[in-house]
Each structure stands twice: as structure tokens, then as C-alpha cells.
Amino acid sequence: MARVSVLGVSLLENPSPFDQPLRFQVQFECGEALPHDLEWKIIYVGSAESERYDQILDSVLVGPVPAGRHMFVFEVSSIFFYLEKERRDTA
1 MARVSVLGVS LLENPSPFDQ PLRFQVQFEC GEALPHDLEW KIIYVGSAES
51 ERYDQILDSV LVGPVPAGRH MFVFEVSSIF FYLEKERRDT A
């Protein structure tokens, strides 16, 4: 049995405007207490062909985590913010 099982990830406010933050509700279960943090990441997949274009939009540490079912909301700035920042950085 896995120590951590992801039970579900839901995009809240779907659909939402392109310039609004993305909010995900993450539900997971721990089969045993975890004394250390779990790292969760939101990754923008820029191309299905290569990880080269993937971008980590944000990451969060959750823990320590007791055994049982858990839920949290993970909010990240809109992809528009990151695309504009990249455009400014490469200009």
C-alpha cells in the first residue's frame, strides 16, 4: 500500500478568467503518519512532447501529516502572470 494516495484534485471556479488565480482543491490520504513535509507542485506543461518547456508555477510544503484523509486548497497566480513575466524577462 502506498503511503500517500491522491484521492482527487478539483479546479475551483471553473471556468474562470485567464487573468485570475488558479485554485485547486487537493484531497489525499496517508496510510501512516508522515513526520516530514510533503511537497506539492503546480506545473504548467508547455509541451506534451518534452519536459523542456514545463514550468513550476508554485510549490508548497504540507506537514507533518498524520494518518487519515486530508484536504487543502492550493492557489497560484494565473498563467497570464507567468507568461507576461517571461515575455518581460526575454525582451
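Residue numbering for the sequence shown follows full-length UniProt numbering, beginning at 1 and increasing consecutively.
Heads up, the beta-carbon is just placed ideally off N, CA and C, and yes, glycines get one too.
**Asked** In angstroms, rounded to a whole number, what distance separates the CA positions of GLY63 and PHE72?
**Response** 12 Å
**Request:** For ALA6, count neighbouring Cβ atoms within 10 angstroms of its own Cβ and tell me buried if that reaches 16, exposed if not.
**Result:** Contrary to the premise, residue 6 reads as Val rather than Ala in this sequence. Looking at its Cβ environment, which holds fewer than 16 other Cβ atoms inside 10 Å, VAL6 is exposed.
**Prompt:** Which residues in the same chain as residue 112 place their Cβ atom closer than 7 Å to its Cβ, once the five residues preceding and following it in sequence are excluded?
**Reply:** Outside the shown range of the chain, which is 1 to 91, sits residue 112, and nothing can be said about it.
**Item:** Nearest candidate by alpha-carbon position, reference GLY21, set LEU34, GLU49 and ILE42
**Value:** The displayed chain sequence assigns Pro, not Gly, to residue 21. When only C-alpha atoms are compared, the closest one is ILE42.
**Message:** Tell me which residues share the same chain as GLN55 and place their Cβ nearer than 6 Å to its Cβ, disregarding the 5 neighbours each side in the sequence.
**Reply:** TYR44
**Item:** Where GLU51 sits in the DSSP three-state scheme
**Value:** helix
**Request:** Rounded to whole angstroms, what's the CA-CA distance from HIS70 to GLU13? Just pull it up for me.
**Result:** 21 Å
**Asked** What are the start and end residues of the beta strand (DSSP E) that includes VAL65?
**Response** Unbroken run through VAL65: none, as it is neither H nor E.
**Request:** Please confirm if ASP37 has its CB atom under 9 Å from at least one CB of chain D.
**Result:** Absent from the structure is chain D; it holds one protein chain and no more.
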